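In what follows, a structure is listed as C-alpha cells, so that the remarks can point back to it.
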Amino acid sequence: MSCGQPHETPCTEVLDHLYEYIDNEMPDEDCAAVKRHLDECQPCLEKYGLDAMVKKLVQRCCGCDEPPVDLRAKVLARIRQVRGEVAVGGTGE
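Letter by letter, the sequence shown follows residues 1 to 93 in full-length UniProt numbering.
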C-alpha cells in the first residue's frame, strides 16, 4: 500500500513495522519517524487505526490467556513468507 505521495519514511516501511509501533517496541527515533508519517499519510493512519482496534479486540477477548513463547516469531515468519509469495506473484496461500 502506498498513498503515492513522497514521504521521509516510505509507506511500505511504516506498514512493515506497524505492530512494533503499536506495541511500543521501536527505538524512540524510529517511533518518531512513524508518527510523523502517520500525521501526513491518511491511508497509513487508517491502517494504523484498524490494526490498533484489532489488537485491542484480541487483547480484550484473549487477554487472560498466556500465548506460547514462540508465537510472535512464528507469526512474523509467516507474514514475511506470505509477503514474499505475494511479491513474486503467488497467492500467499
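Just so it is clear, CB atoms sit at the ideal spot from N, CA and C, and this is done for glycine as well. Quick caveat: nothing in here was measured; it's all calculated off a predicted structure.
VAL54 burial status per 10 Å Cβ neighbour count (16 or more: buried):
Residue mapping note: residue 54 aligns to position 54 of the sequence shown, counting from 1. It is exposed - the Cβ of VAL54 has fewer than 16 other Cβ atoms within 10 Å.
Within 10 angstroms of the Cβ of THR9, are there 16 or more other Cβ atoms? Answer buried if so, exposed if not.
As a first step, residue 9 is located in the sequence shown; it is residue number 9 there, counting from the start. It is buried - the Cβ of THR9 has at least 16 other Cβ atoms within 10 Å.
Backbone secondary structure at VAL37 - three-state DSSP:
In the sequence shown, counting from the first residue as 1, residue 37 sits at position 37. Per the sequence presented here, residue 37 reads as His, with Val not at that position. If DSSP states are grouped into helix, strand and coil, HIS37 belongs with the helices.
Going by the C-beta, is GLN59 closer than 7 angstroms to any heavy atom of the ligand COA?
Among the components of this structure there are no ligands whatsoever, and the ligand COA is therefore not found.
Around the C-beta of LEU38, are 16 or more other C-beta atoms found within 10 angstroms, so that it is buried, or is it exposed?
Locating residue 38 in the sequence shown gives position 38, counting from the first residue. Label assigned to LEU38: buried.
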